[in-house]
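4 protein chains.
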Amino acid sequence: MQPPIRVTIWNEFVHERQNAAVAEIYPRGIHAALAEGLGGNTDFATRTATLDEPEQGLPPEVLDATDVLLWWGHAAHDAVLDETAARVQQRVLAGMGLIVLHSGHFSKVFKRLMGTSCALCWREAGERERVWVVNPGHPIAAGLGACIEIGQSEMYGEPFGIPAPDELVFVSWFQGGEVFRSGATWTRGSGRVFYFSPGHEVYPIYHHPEVLRVIANGIRWARPQGAAADTPRHVPAEQARERVEPRGGSVAHPGQGA
Amino acid sequence: MQPPIRVTIWNEFVHERQNAAVAEIYPRGIHAALAEGLGGNTDFATRTATLDEPEQGLPPEVLDATDVLLWWGHAAHDAVLDETAARVQQRVLAGMGLIVLHSGHFSKVFKRLMGTSCALCWREAGERERVWVVNPGHPIAAGLGACIEIGQSEMYGEPFGIPAPDELVFVSWFQGGEVFRSGATWTRGSGRVFYFSPGHEVYPIYHHPEVLRVIANGIRWARPQGAAADTPRHVPAEQARERVEPRGGSVAHPGQGA
Amino acid sequence: MQPPIRVTIWNEFVHERQNAAVAEIYPRGIHAALAEGLGGNTDFATRTATLDEPEQGLPPEVLDATDVLLWWGHAAHDAVLDETAARVQQRVLAGMGLIVLHSGHFSKVFKRLMGTSCALCWREAGERERVWVVNPGHPIAAGLGACIEIGQSEMYGEPFGIPAPDELVFVSWFQGGEVFRSGATWTRGSGRVFYFSPGHEVYPIYHHPEVLRVIANGIRWARPQGAAADTPRHVPAEQARERVEPRGGSVAHPGQGA
Amino acid sequence: MQPPIRVTIWNEFVHERQNAAVAEIYPRGIHAALAEGLGGNTDFATRTATLDEPEQGLPPEVLDATDVLLWWGHAAHDAVLDETAARVQQRVLAGMGLIVLHSGHFSKVFKRLMGTSCALCWREAGERERVWVVNPGHPIAAGLGACIEIGQSEMYGEPFGIPAPDELVFVSWFQGGEVFRSGATWTRGSGRVFYFSPGHEVYPIYHHPEVLRVIANGIRWARPQGAAADTPRHVPAEQARERVEPRGGSVAHPGQGA
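First to last, the sequence lines map onto chains A, B, C and D.
This note's numbering puts the first residue of the first sequence at 8, with every later residue one more than the last.
This note's numbering puts the first residue of the second sequence at 8, with every later residue one more than the last.
This note's numbering puts the first residue of the third sequence at 8, with every later residue one more than the last.
This note's numbering puts the first residue of the fourth sequence at 8, with every later residue one more than the last.
#1: May I ask which residues mark the beginning and end of the alpha helix (DSSP H) holding B/A92?
#2: So, are the CB atoms of D/D50 and D/I12 less than 9 angstroms apart?
#3: Relative to chain B, which residues along the region 92 to 122 of chain A have a C-beta separation below 8 angstroms, given in chain order?
#4: List, in order along the chain, the chain A residues whose C-beta lies closer than 9 angstroms to that of C/R188?
#5: Can you have a look at B/Q182 and say buried or exposed, based on whether 16 or more other CB atoms are within 10 angstroms of its CB?
#6: Quickly, what does DSSP pair B/G122 with across the bridge? List them, please.
#7: Exposed or buried, what is A/D74 when buried is set at 16 or more other beta-carbons lying within 10 Å of its beta-carbon?
#8: When the cut-off is 9 angstroms and only beta carbons count, does C/P146 lie next to chain B?
#9: I want to see whether chain D comes within less than 9 angstroms of A/R130, judged by CB atoms only; does it?
#10: Would you give the residue range spanned by the beta strand (DSSP E) that B/N224 belongs to?
#11: On the CB-based measure, 16 or more other CB atoms within 10 Å of its CB, does D/P261 come out buried or exposed?
#12: Who pairs with C/E134 in a beta bridge, going by DSSP?
#13: Using only alpha-carbon positions, find the residue among D/H215, D/A126, D/A93 and D/E161 that is nearest to D/P67.
#14: Mind the definition here: the region 143 to 163 of chain B touches the region 227 to 241 of chain C only if three or more C-beta pairs lie below 8 angstroms; say whether that holds.
#15: Pull up the DSSP beta-bridge partners for C/S179, would you.
#16: Against chain C, with Cβ distances strictly below 9 angstroms, would D/E90 count as a contact?
#17: Would you report the Cα separation of A/W180 and A/C154, rounded to the nearest angstrom?
#18: In angstroms with no decimal places, state the Cα-to-Cα distance between B/D71 and A/I212.
#19: By Cβ distance below 8 angstroms, which residues in the same chain neighbour D/W129 in space, the five residues on each side in sequence not counted?
#20: Give a yes or no on whether the minimum CB-CB distance between A/R254 and chain C is below 9 angstroms.
#21: When the Cα atoms are used, what is the spatial distance from D/S114 to B/E62?
#22: Please compile the residues from chain D whose C-beta is within a distance smaller than 9 angstroms of the C-beta of C/A83.
#23: Within 9 angstroms (strictly less), CB to CB, does D/L70 reach chain C?
#24: Considering only the beta carbon of each residue, do C/E19 and C/L58 sit closer than 9 angstroms?
#25: Looking only at its own chain, which residues have a Cβ that is under 8 angstroms from the Cβ of D/E123, when we skip the five neighbours before and after it?
#26: Any contact between the region 202 to 220 of chain B and the region 38 to 48 of chain A? By contact I mean 3 or more CB pairs, one from each, below 8 angstroms.
#27: Beta-carbon within less than 7 angstroms of A/Q263's beta-carbon, same chain only, minus the 5 sequence neighbours each way: which residues are those?
#28: Does C/F167 have its Cβ less than 9 angstroms from a Cβ in chain A?
#29: DSSP on C/H241, reduced to helix/strand/coil?
#30: In chain order, what residues of the same chain lie with their CB nearer than 8 angstroms to the CB of C/G150, ignoring the 5 residues before and after it?
#31: Run through chain B and tell me which residues come within less than 9 angstroms of D/G133, C-beta to C-beta.
#32: Quick check on D/F181 - is its C-beta less than 9 angstroms from some C-beta in chain B?
#33: As a quick exercise: from B/A30, B/E252 and B/V258, pick the residue whose alpha carbon is nearest that of A/A132.
#34: Nearest-angstrom Cα distance between B/G206 and B/A82?
#35: Taking just the CA atoms, how far does D/Q232 sit from D/A101?
#36: Is the beta carbon of B/G256 sitting closer than 9 angstroms to the one on A/V21?
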């Protein structure tokens, strides 16, 4: 039997404390709502973390004990220290799964891992969104029907400034006329990354059972799979697997890298 | 008739001035050798730039007038300012092509665009490398035979800490027993990126006609193709293409992003 | 200066001769309308071919003289001989570009090259389609705005039974609530394949200037780029590039393949 | 607890009965050797099937009860009926995993699913092969070191006529100077496909513990994940999720497809 998946739900936890509409929907914060909503998944061992905690909630010992990290941020992307973002990035490259939710598309963590603008079009009008499954065989879509209907959502529209996803799982339709690649995956180093766009905080999207199912599926999909491999390594000629007689000049010095 | 491709060859220009073996092979610098070696391509308008120039050789007006940038760095990656690397990254996202050569795998520019470690294994023993074409239909492989033979090369070995390439063009065999994904492409934003590993500075690899052909092919492949698209954009409800009646709360503020 | 791109527009040419609504829009056939609509592209040398011609319009000498083939079929997919489909497939693998239009998703040629069902959802109700550019830097999207508005279109919906595209260029929004990956590319062997879904024959979609621009862009993108490489090849031990002493048993026989 | 993975190992079973060298290594056939070698994986429920059995060993009821199919063929590719190959292809599209071994690259099943030539270069000289892990985080590489050493192997060389893999896991080095993409994955429909090249029948490669580990990892990776989705579906206007008033002509007829 596999050990439980150690899930850490990180939230900047700002709008829930500043905006009455948000507080009504998520009185104890989006992180708490997600933890509760995912509570039925007995294969998860879940904790939460927030920006105002020591080391922004993500000290090395927490990251080292995390298999999959959920990231929710919106108003306070700039408050996340470069050092925190770098630590998360390194941990992903070493194998930790990362699920980036909604406005997390503009987080330092996601932008560092993608290398692109991560920009998009947007409109906050409470319109209908329909999240279509374009990859029915993908484990993240397991148990869903043809699409998820979301009564009120924020429009996120193309072009979305991401690298071509390794796998595209969902594409959304919006009432106002736009489309969006709303569920996409990438592998970075040995870590799996899943971006899922539904989730604007003024609508009760994280109470939607099918949205919670997608996130649970994403957690299972993103758990570490193989080994980490990000250390540059010098292989001296005498350790080569086939015999090599060194010849020619040299610029290398110990510790200098390739 | 198409206008010439504006090529800028950037070089940190360090080892050629410090190491006698390198100076003998590239007396005026790798940038000058590449400019000369590519000189027969009459569809290129080529300039060079080096780290010791004002604004590290890459002020905005140079980047704005560059269709394809070649990057050679090795000893001085850390001397490239974050600001310079960020400027190059933004220009790539906006459509400029980028060709990263050999030890440039560890440059700030490449690591920012990839989001990964870009680490690899290496050995400096002057061994044979054979660069196999795995994608004969790709324009970067045009005019080559089954492989390029390089008599003396630095070994670069797997695992190479890159995101899965959009296209894999070359895979190298090394005498000492390793393999390496030696030619690979990615699109980032609207810009095309080509990494090509042969080129260690203590061997005369940039005088090799087939290596120069690959670089010339790469330049043509990487020239800007479409439009830039990296600006986040708010689409107010009254500008939606289908009629939308706004309903529900709001957290958005002008200029805040999605 | 590059030689002209030799374009062959193939059409089953059935509905235009059987259905009055179609005949009114395309009186001389969709192939003739496309040839005329693409006529302003002076870098193309265009011919047409139809199913009722000898060898179904695609004898080897026509395929050998074709750089990019456009495929339009709908009612007569089954009438295309396996032999014809195999010939087209081989020519694509050898480097010919292929542009598959609308209902061509279910053609033998496309299904053979994809290896999948190529199935989709559909509705013929003359609803609005909006073709969004998700990849603004791609040459097939050059010269377009954010999207193409099509007043009347057939809905094609997900899941679309294709392999993950190498590049996704367009995603469509439909009035009735669906989305569709409406412009996608693949490389197969040395040939480039572009599928573009707008084009139902009871609406004048191939008279739409932006649709014609996409097809023209697609033709330029799909022109052959490198070399063909589809021949299995035995490399005897005495021809190996590194010395090998054969040892061990054998099951190979001349001509048997690997 | 998950149910066992139902594995069917299919073998043409020809060379083991005709060639003394092969018979010595695999006296009861490669299928039996694989079944035995995989026997320690208690999460598998394994059966074997061979070409000379009724319906070529793969009647619908066997395929329907198979989660992952292993395919070994070499001398008798042409003896596999098109009908058998089509049945396997359909079952893969519906979600069954498929692991194609060594000379299976030229099987009807693999060529149908890939749509390409699947050709390669080859040499039967019993030379050394070193299978490098290029994707250490991939579950198929779990538990391996940097590479697998195979003392005697058949050379398979590039260019390999496959579509760009969704994921590249292994690249092989050969003593005679070639490289090969020796472990690669694709998704086709809802099914996962893994090609793994080591395994020539005149060498005892399927007795190698790390080769068996790769195959076991591949089986776990390839088990069905989500739902099947390959049925074209008409969505009448009155069933559209958003209101649509049909307008315009029609060419559709019941059962005709899109």
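Just so it is clear, CB atoms sit at the ideal spot from N, CA and C, and this is done for glycine as well.
In terms of the structure at hand:
#1: D89 to L100
#2: yes
#3: Of all residues in the region 92 to 122 of chain A, only Q96, L100, S110, H112, F113, R119, L120, M121 and G122 place a beta-carbon less than 8 angstroms from a beta-carbon of chain B.
#4: V141, L175 and V178
#5: buried
#6: Its beta-bridge partners do not exist; DSSP assigns none.
#7: buried
#8: yes
#9: no
#10: Segment P216 to A229 is the alpha helix (DSSP H) holding B/N224; no beta strand (DSSP E) there.
#11: With a pLDDT of 44 at D/P261, under the threshold of 50, the modelled position of that residue is not reliable, and no figure is offered here.
#12: C/S160
#13: It is D/A93.
#14: yes
#15: As DSSP reads the structure, C/S179 sits in a beta bridge with C/V138 and C/F187.
#16: no
#17: 10 angstroms
#18: 43 angstroms
#19: E161, M162, Y163 and G164
#20: no
#21: Rounded to the nearest angstrom, the gap between the Cα atoms of D/S114 and B/E62 is 58 angstroms.
#22: Per Cβ cutoff of 9 angstroms: no residues; C/A83 is ~11 angstroms from chain D at best.
#23: no
#24: yes
#25: The residue asked about is misnamed: residue 123 of chain D is Thr in this sequence, not Glu. Result list for D/T123: G168, I169 and P170, in chain order.
#26: no
#27: A caution first: A/Q263 carries a pLDDT of 47, below 50, which makes its placement in the model too unreliable to give a value.
#28: Chain A contact via Cβ: present.
#29: strand
#30: Once the five neighbours on either side are set aside, the close Cβ partners of C/G150 are R220 and N224.
#31: The contacting residues do not exist; D/G133 stays about 17 angstroms from chain B at best.
#32: yes
#33: B/E252
#34: 14 angstroms
#35: 11 angstroms
#36: no
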